[in-house]
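Using the working numbering, read the sequence shown as starting at 260 and increasing by one per residue. Virtual Cβ for every residue (Gly too), placed ideally from N, Cα, C. Source: prediction; values computed, not measured. Below is one structure; the comments refer to it alone.
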Amino acid sequence: MNTEKRIPDAETRAKSIARWREVNLMLEDLNMKLAQAQAIAEVDLQNSPLYVRRRERVRKQLEAFKEHKLAEKAGE
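Right, here's the structure in full:
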C-alpha cells in the first residue's frame, strides 16, 4: 500500500486555519478564567483565619529572633 500525503487545497487550509484560530481563542479564554479563579482562591486564602493566625505567628517569631540576635550582638 502506497499512501502519499497530499497538500490540502486552499479552501481546506483556510478552514483549518480558521478552526485553529478559534481553538486558540478558546484556550486563551480558558487560561484567563483559570488565572482569575486562581487569583480569587489566593485572596480567599490570604483572608482565611488560619492563614491570618499563621502569618501573625511567623511575624512574632521573626521579631523575637531579631531581638534575640540584637541581644547577642549587644552582649558580645
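Between the CA atoms of residue j and residue i - distance to the nearest angstrom
i, j, result
"residue 290", "residue 307", "26 Å"
"residue 285", "residue 320", "47 Å"
"residue 323", "residue 283", "52 Å"
"residue 292", "residue 310", "25 Å"
Endpoints, the alpha helix (DSSP H) within which residue i is located
i, result
"residue 271", "269–306"
Collapsed DSSP secondary structure at residue i in the structure displayed
i, result
"residue 313", "helix"
"residue 318", "helix"
"residue 263", "coil"
heavy atom of the ligand SAM below 7 Å from residue i C-beta
i, result
"residue 319", "Only the bare structure without any ligand can be found here, which leaves the ligand SAM out of the picture."
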